[in-house]
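Heads up: the sequence shown begins at 67 in my numbering, then just goes up one per residue.
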Amino acid sequence: MLYGGNVSEVRKVGDVVVRKQGRSAVFVHALLRHLADVGWVGSPRVLGVDDDGHETLTFLEGVVPWRPPIPDWALSDAALTALARLVRQLHDLTAGSDLAGSAEVVCHGDLAPGNTVYRPTASGLAPVAFLDWDLAGPGRRIEDVAHVCWQWLDLGPGVPDVREAARRIGLIADAHGLVERGELIPAILCWQDRCWRGIETAAAAGDAAMRRLVNDRVPDQIRRSYAWTETHQHELASSSR
């Protein structure tokens, strides 16, 4: 079994990964095939689906920082810059595609350290690929950038230095080339709000994985992060304009 998954079980069998398909597998597989066709190496390749609904994907070798806290090397300016540029590549490769439809781009929708593969470079470990595409769909560039800021900077009560968090938000936005800076902090708040609400709604509907997250008090943690971000929103926006 591969570690890090909060929702689904993922197994490595030889040189491939086997996992149960998500609800949007048809779209996700079309997206991964599109990214493969344009030669992007930032996502796994779809190899097939068995009769039990399990998909087989290529295994991407590297380091995945799935266990908190986020390691310092993933928060260096070089690593965050490379991360934002990798997200920008995804967006540019899907802009104007049939998959994006009338939206700006296709968003990954769940960008987080535990869904990111790092490999050694001359400047240290750098992000090279993203995993777990189940929540991918049409959207706006700012949505993925906001999720990156929230997840990598762990925006919430544990942030030791608000000014440093603001600087890193600006660094990520600059590296991605984001234009809509004024909407970035509201987009982070939107993610935090919809995340805790989504977990609780799915848990109430009987989703076993979401019930585990509720039992672990994850929605409570996210609500506290939302309150912290809301309190400090003007300070956090100071370097992202």
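Heads up, the beta-carbon is just placed ideally off N, CA and C, and yes, glycines get one too.
Check                                                                                                                                                                        : Outcome
Looking only at C-alpha atoms, which of G203, A91 and A232 sits nearest to L165?                                                                                             : G203
Decide if Q217 is buried, meaning its Cβ has at least 16 other Cβ atoms within 10 Å, or exposed.                                                                             : buried
How many angstroms separate the CA atom of G236 from the CA atom of Y292?                                                                                                    : 19 Å
Take the Cβ of S168 as the centre, count every other Cβ of all protein chains shown within 10 Å, and call the residue buried at 16 or more, exposed below.                   : exposed
Please classify R234 as buried or exposed, where buried requires at least 16 neighbouring CB atoms within 10 angstroms.                                                      : buried
Please report the Cβ distance between R85 and E121, rounded to the nearest whole angstrom; I am assuming they are in contact, meaning their Cβ atoms lie under 8 Å.          : 6 Å
Quick one: Cα of E209 to Cα of S90, how far?                                                                                                                                 : 19 Å
Which runs of the alpha helix (DSSP H), 4 residues or longer, sit entirely within the stretch 210–257?                                                                       : 228–242
Tell me which residue opens and which closes the beta strand (DSSP E) that L191 is part of.                                                                                  : G190 to F196
Using the Cα positions of R77 and V83, report the straight-line distance between them to the nearest angstrom.                                                               : 6 Å
Please look up how many angstroms separate the CB atoms of F196 and G88, rounded, as I've assumed it's under 8 Å.                                                            : Contact flag wrong, Cβ pair sits at about 15 Å.
Compute the minimum distance between the beta carbon of A232 and the heavy atoms of the ligand GTP, and state whether it is under 7 Å.                                       : Absence of the ligand GTP from the depicted structure is noted, as is the absence of any ligand whatsoever, leaving it without description.
Leaving aside the five residues before and after W294 along the sequence, list all residues of the same chain whose C-beta is less than 8 Å from its C-beta, in chain order. : L221, G222, P223 and V225
Between the Cα of D308 and those of D286, F125 and R99, spot the shortest distance and give me the residue it belongs to.                                                    : Residue 308 is absent from the structure shown; the chain starts at 67 and stops at 307.
Starting from V94, follow the alpha helix (DSSP H) in both directions and report where the run begins and ends.                                                              : A91 to D103
Between the alpha carbons of R229 and L141, how many angstroms are there, rounded?                                                                                           : 15 Å
Are the stretch 239–246 and the stretch 136–155 touching, with three or more C-beta to C-beta distances below 8 Å?                                                           : yes
If you follow the alpha helix (DSSP H) that R278 is part of, which residue opens it and which one closes it?                                                                 : A274 to N281
Over the uninterrupted beta strand (DSSP E) stretch that includes L113, give me the two end residues.                                                                        : V112 to V115
Who are the near neighbours of L97 in its chain, counting only those whose CB is closer than 7 Å to its CB and skipping five residues on each side?                          : L165, V172, W199 and A202
Over what stretch of residues does the alpha helix (DSSP H) that includes V107 continue unbroken?                                                                            : It is not in any alpha helix (DSSP H) - V107 carries neither H nor E in the DSSP assignment.
My parser needs the alpha helix (DSSP H) runs of 4 or more residues fully inside the stretch 122–169; what are they?                                                         : 143–160
What is the DSSP secondary structure of R185, reduced to helix, strand or coil?                                                                                              : strand
Please classify A161: is it buried, with 16 or more other beta-carbons within 10 angstroms of its beta-carbon, or exposed?                                                   : exposed
When burial is assigned at 16 or more other CB atoms within 10 Å of the CB, is H300 buried or exposed?                                                                       : exposed
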